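Protein chains in written order, with the numbering used here: chain A, 17 to 168; chain B, 17 to 168.
The structure under discussion appears below in the form of structure tokens.
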DNA sequence: ATCATAACCTACTTTACAAGTAGTATTTGG
DNA sequence: CCAAATACTACTTGTAAAGTAGGTTATGAT
């Protein structure tokens with residue numbers, strides 16, 4: 017009997033970021049229709065409530081959502097769903113879109129092992145890759161998640 | 017006096033993967049011209065030698081490079097540099113190109129918090145994002161790193 | 001044959017962060 | 001003033017990245 021165990025580790029979007037997108041989508045469905053409470057969003061989207069609290073707070077500090085404290089309070093979207101892209105949310109929670117720090121626009125950092133950045137062929141090529149990802153991630157917005165597929 | 021400390025965490029390519037690409041590029045420059053030793057590649061590319069050993073071994077197991085043991089041995093490329101894409105190397109070391117497991121071609125996994133995958137708008141949109149990244153990462157090869165910019 | 005050299009392989013260490021949990025403070029409507 | 005909700009801080013647990021350490025095996029040269 018052979019037991020095969022496949023453990024695969026991958027670098028992907030964090031759950032925090034994914035939950036944020038789901039929460040924003042839920043709020044977008046309620047755009048200009050009052051507010052929703054953390055507990056409700058958590059239940060509807062299968063997100064741990066206390067974890068979601070932190071996420072909504074971060075979204076508030078990033079001025080994507082607004083809140084109302086006290087009994088009967090909740091969260092609401094303050095930006096148009098069409099103006100919140102996946103790129104925006106990804107940068108907020110997971111950081112750079114580029115695969116290398118020396119290629120990042122918003123999170124640039126020099127590579128320690130690089131001798132001459134100006135002639136670095138990797139940098140040149142990874143800029144192309146970044147642009148491929150960045151364009152798509154900027155094009156897809158929270159609004160993309162609430163419209164149905166054929167209403168493209 | 018205000019001290020501001022910015023700590024930014026980002027999800028990027030692992031160093032292992034980056035080092036692998038650099039090592040492959042170095043071997044590609046020597047394609048069909050004999051072999052290079054770990055120590056030399058390590059020195060030329062500023063990669064910790066023992067770490068590079070592991071990486072070259074993984075590349076060997078993935079049949080991208082070949083090796084010769086014993087004194088005067090070393091590593092050499094066995095695939096054409098044009099046929100080793102960034103996507104290939106990335107998948108080997110860092111896993112999925114897609115940002116969500118349910119969107120990955122090679123590392124698919126169901127999302128626990130998803131109720132109905134067929135009607136999931138996020139999945140539908142993230143496939144587009146994956147394709148943006150995947151196309152670019154498949155187009156850029158080790159050969160891209162050794163040619164100069166205007167010889168496009 | 002044996003020695004130096006370089007690949008091959010496994011295990012360990014350290015650090016850091018993701019993914020949450022816990023508990024308290026603050027605001028606000030009734 | 002009380003209940004309900006957000007606001008905030010701190011802690012926990014597990015796991016992976018990045019590298020280190022040390023030994024084994026193969027091979028060309030002496």
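We treat Cβ as the ideally placed atom computed from N, Cα and C, and that holds for glycine.
Keep in mind it's a predicted model, so treat the numbers as computed, not measured.
Query raised in the report: Going by the beta-carbon positions, is the gap between residue 153 of chain A and residue 103 of chain A smaller than 8 Å?
Result: Translated into the one-based positions of the first chain, residue 153 of chain A becomes position 137. Translated into the one-based positions of the first chain, residue 103 of chain A becomes position 87. It is a contact, given that the beta carbons lie within the stated cut-off.
Report task. Give the interface partners of residue 62 of chain B over in chain A, defined as CB-CB distance under 7 Å, in chain order. Result -> Sequence index remark: in the second chain, residue 62 of chain B carries index 46 (1-based). By Cβ distance, chain A contributes 129.
Query raised in the report: residue 99 of chain A to residue 157 of chain A, Cα distance in whole Å?
Result: Taking the first chain and counting its residues from 1, one reaches residue 99 of chain A at position 83. Taking the first chain and counting its residues from 1, one reaches residue 157 of chain A at position 141. Cα-Cα distance, rounded: 7 Å.
**Report entry** Spatial neighbours of residue 65 of chain B in its chain, beta-carbon cut-off 7 Å, leaving aside the 5 residues before and after
**Finding:** On the second chain, residue 65 of chain B is found 49 positions in, with the first residue counted as 1. Counting only Cβ-Cβ distances below 7 Å, and skipping sequence neighbours, we find 54, 55, 58.
Query raised in the report: In the structure shown, what three-state DSSP assignment does residue 32 of chain A receive?
Result: Stepping through the first chain from its first residue, residue 32 of chain A is reached at position 16. Helix, per DSSP.
Query raised in the report: Is the CB of residue 97 of chain A under 8 Å away from at least one CB in chain B?
Result: Locating residue 97 of chain A in the first chain gives position 81, counting from the first residue. No, because no Cβ of chain B sits closer than 8 Å to the Cβ of residue 97 of chain A.
Report task. Flag this pair as yes or no: are the beta carbons of residue 110 of chain B and residue 27 of chain A separated by less than 8 Å? Result -> Against the second chain, residue 110 of chain B aligns to sequence position 94. Against the first chain, residue 27 of chain A aligns to sequence position 11. The answer is yes: Cβ separation under 8 Å.
Report task. Check residue 76 of chain A in the structure and name its three-state DSSP category. Result -> Taking the first chain and counting its residues from 1, the one referred to as residue 76 of chain A is at position 60. Reduced to three states, the DSSP call for residue 76 of chain A is helix.
Query - Minimum C-alpha distance to residue 130 of chain B - residue among B/123, B/121, B/122, B/117 - result: Position 114 of the second chain, counted from the start, is the residue given in the question as residue 130 of chain B. Among B/123, B/121, B/122, B/117, the Cα nearest to that of residue 130 of chain B is on B/117.
Query raised in the report: Going by Cα to Cα distance, which pick from A/31, A/134, A/60 is closest to residue 45 of chain A?
Result: By one-based count along the first chain, residue 45 of chain A stands at place 29. The shortest Cα separation from residue 45 of chain A among A/31, A/134, A/60 belongs to A/60.
Report task. Flag residue 144 of chain B as yes if its beta-carbon sits less than 8 Å from any beta-carbon of chain A, otherwise no. Result -> The residue given as residue 144 of chain B occupies position 128 in the second chain. Yes - at least one Cβ of chain A is within 8 Å of the one on residue 144 of chain B.
Query raised in the report: Who pairs with residue 84 of chain A in a beta bridge, going by DSSP?
Result: Numbered from its first residue, the first chain carries residue 84 of chain A at position 68. According to DSSP, which records beta bridges pairwise, residue 84 of chain A is partnered with A/90.
Requested in this report: Just mark residue 87 of chain B as buried or exposed, buried being the case when its beta carbon has 16 or more other beta carbons within 10 Å.
Outcome: Your numbering for residue 87 of chain B matches position 71 in the second chain. With fewer than 16 Cβ atoms within 10 Å of its Cβ, residue 87 of chain B is classed as exposed.
Query raised in the report: In or out: residue 105 of chain A buried (at least 16 other Cβ within 10 Å) or exposed?
Result: Walking along the first chain from the start, residue 105 of chain A turns up at place 89. Buried is the call here.
Query raised in the report: Alpha carbon to alpha carbon, what distance is there between residue 122 of chain B and residue 78 of chain A?
Result: For the purposes of this step, residue 78 of chain A is taken as the residue at position 62 of the first chain. For the purposes of this step, residue 122 of chain B is taken as the residue at position 106 of the second chain. Per the coordinates, the alpha-carbon of residue 78 of chain A lies some 34 Å from the alpha-carbon of residue 122 of chain B.
Query raised in the report: Taking the alpha helix (DSSP H) that residue 148 of chain A falls in, what are its first and last residues?
Result: The sequence position of residue 148 of chain A within the first chain is 132, counting from 1. From DSSP, the alpha helix (DSSP H) with residue 148 of chain A extends over 137-155.
Query raised in the report: Using a Cβ-Cβ cut-off of 6 Å (strictly less than) and excluding sequence neighbours within five positions of residue 159 of chain B, which residues of its own chain qualify?
Result: As a working mapping, residue 159 of chain B is identified with position 143 in the second chain. Closer than 6 Å at the Cβ level, and outside the excluded window around residue 159 of chain B, lie 97, 98.
Query raised in the report: Quick one, are the C-beta atoms of residue 74 of chain B and residue 108 of chain B less than 8 Å apart?
Result: Here residue 74 of chain B refers to the residue found at position 58 of the second chain. Here residue 108 of chain B refers to the residue found at position 92 of the second chain. Yes. Within cutoff.
Requested in this report: Please confirm if residue 160 of chain A has its CB atom under 8 Å from at least one CB of chain B.
Outcome: Residue numbering aside, residue 160 of chain A sits at position 144 when the first chain is read from its first letter. For residue 160 of chain A, the closest Cβ of chain B is nearer than 8 Å.
Query raised in the report: Got a sec? Which residues, its chain only, sit under 8 Å from residue 43 of chain B by beta carbon, not counting five neighbours each side?
Result: In the second chain, counting from the first residue as 1, residue 43 of chain B sits at position 27. Hits under 8 Å: 52, 57, 81, 91, 92, 93.
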